[in-house]
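In my numbering, the protein residues as written are 306 to 638.
Following: one structure in structure tokens, then a few remarks.
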Amino acid sequence: VAVSDVKVALSTVSFERIHSSAMIKCSALWNCARRPKSSEIIVSALGHSLQTPCVTRWNSLYDSIKDLLRSKDKLRDLCNTLKLQVFQERDFAFLLEYCDVLQPIASALTRLQAEADCFFGELLPTLLQVESKLHEKAAADYVYCKPLLDAVRNGFTRRFDHLLKMKPSAKEATVAAVLHPYFKLRWLPAEMEDFRRHAQKLTEEAVVDYVSTAQAAHSSAREAVGSSAPGASNASADAFFSFEDTSGITSRSSQEALVKLEFLNYLQDPRVDVAMLHSYPLIRGAFVKYNTATCSSAPVERLFSFASLIARPHRGALSDRRFEQMLLLKTFK
């Protein structure tokens with residue numbers, strides 16, 4: 306959204322003109338920040354080094370512009386010292402609007418690519434929040450970035466419409482969100498009462514199915530162990546009575562009632578930390594199933610960044626083991 310749809314906005318001549326003007330000046334400063342001599346001048350003028358964009362970090366351009374804007378009062382003198390094009394007031398105004406428009410996207414990416422406490426259940430509530438925040442910005446009086454906002458909103462809706470409208474393909478994301486203690490059903494606003502009831506019913510059914518499957522697998526394993534145990538085939542001392550073996554078996558109806566009761570208690574529990582799931586063992590198992598998301602690629606991408614510092618021509622003869630050792634030492638120094 307923040308990359309492809311910006312290109313759509315660039316088809317607007319007025320936006321393309323101011324965008325190019327501001328980004329050229331930003332790029333010139335970032336290039337200087339990568340050179341030792343000019344980097345010293347930047348640190349001396351600003352009191353800190355500049356953050357620069359990186360291709361392996363989704364938010365790096367946004368974060369780098371925010372970093373520049375924090376020192377915008379000093380940038381003109383710095384540009385004069387480095388003999389670069391000087392930022393004008395309209396450049397700063399554009400960059401401020403640019404960051405304001407993309408702030409919901411950037412914040413969402415920061416949450417969703419976190420290395421800790423990142424669960425699949427965060428996806429749908431996060432998308433709904435982004436949609437809401439972008440909708441609120443439609444009322445803002447942007448001078449330069451109205452084309453950008455329109456492009457981002459259209460692109461966001463086009464990509465995530467099936468999730469935002471909770472179509473069948475959004476089932477797992479919906480269940481994962483409801484099973485997350487922080488969200489439960491409160492991420493669905495009051496005007497989405499129909500969706501709220503649907504999400505609750507969907508999650509309840511998913512938990513019942515999960516528990517039934519887990520119970521069946523557990524019973525099968527127990528029967529296999531019991532049939533092979535010594536003395537398992539011994540006949541009862543009293544062969545007159547014949548009873549159905551009900552040990553460890555719960556009927557489907559009573560099992561569903563048990564799951565539904567625990568699910569309702571879970572929804573009414575005011576606690577929002579993940580640790581609360583220890584009080585709800587059936588819900589906890591379903592939580593693990595639906596909230597175990599694919600790991601973020603960010604840590605792996607950073608490994609590739611370090612690898613480029615090691616795999617240089619004069620180190621071309623490194624063995625695989627030595628390369629791995631150097632890479633890990635560089636990463637965890």
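Ideal Cβ positions, reconstructed from N, Cα and C, are used throughout, including at glycine.
Since we're looking at a predicted model, the values are computed, not measured.
- Put simply, the backbone Cα of Leu453 is about 13 Å away from that of Ile410.
- A straight-line Cα-Cα distance of about 5 Å links Asn596 and Ala481.
- Comparing C-alpha distances from Ala443 to each of Phe465, Leu469, Glu402, Glu427 shows the shortest one belongs to Glu402.
- The count of Cβ pairs closer than 8 Å, one atom from the stretch 565-578 and one from the stretch 474-494, reaches three, so the stretches are in contact.
- Within 10 angstroms of the beta-carbon of His440 lie fewer than 16 other beta-carbons, which makes it exposed.
- Straight through space, the alpha carbons of Arg627 and Val448 are spaced by roughly 55 Å.
- Secondary structure at Gly352: coil, using DSSP grouped into helix, strand and coil.
- Inter-segment contact for the stretch 328-343 and the stretch 470-481 is absent: fewer than three beta-carbon pairs are separated by less than 8 Å.
- Taking a contact as a CB-CB distance under 8 Å, the pair Val512 and Phe568 counts as one, their CB atoms being some 6 Å apart.
- In the DSSP assignment, Leu380 falls within the unbroken alpha helix (DSSP H) covering 377-387.
- Around the Cβ of Asn364, a 10 Å sphere holds 16 or more other Cβ atoms; the residue is buried.
- Ranked by Cα distance from Val311, the options Ala591, Tyr367, Ser354 are led by Tyr367.
- Phe424 sits in coil when the DSSP states are folded into three classes, being neither helix nor strand.
- When rounded, the separation of the alpha-carbon atoms in Thr415 and Trp492 is 19 Å.
- For Ala521 and Asp455, the gap between their C-alpha atoms comes out near 52 Å.
- Looking only at Leu355, Leu566, Val457, the smallest Cα-Cα distance to Ala338 is reached by Leu355.
- Pro430 counts as buried, since at least 16 other C-beta atoms from the protein chains shown sit within 10 angstroms of its C-beta.
- Looking at the backbone, the Cα of Phe392 and that of Thr462 are separated by about 34 Å.
- The DSSP-derived three-state label of Lys442 is helix.
- Under the three-state reduction of DSSP, Met471 is assigned to coil, being neither helix nor strand.
- Judged by DSSP secondary structure, Glu321 falls within the alpha helix (DSSP H) whose first and last residues are 318-338.
- DSSP places Val577 in no alpha helix (DSSP H); its state is neither H nor E.
- DSSP places Leu587 in the helix class (H, G or I) of the three-state scheme.
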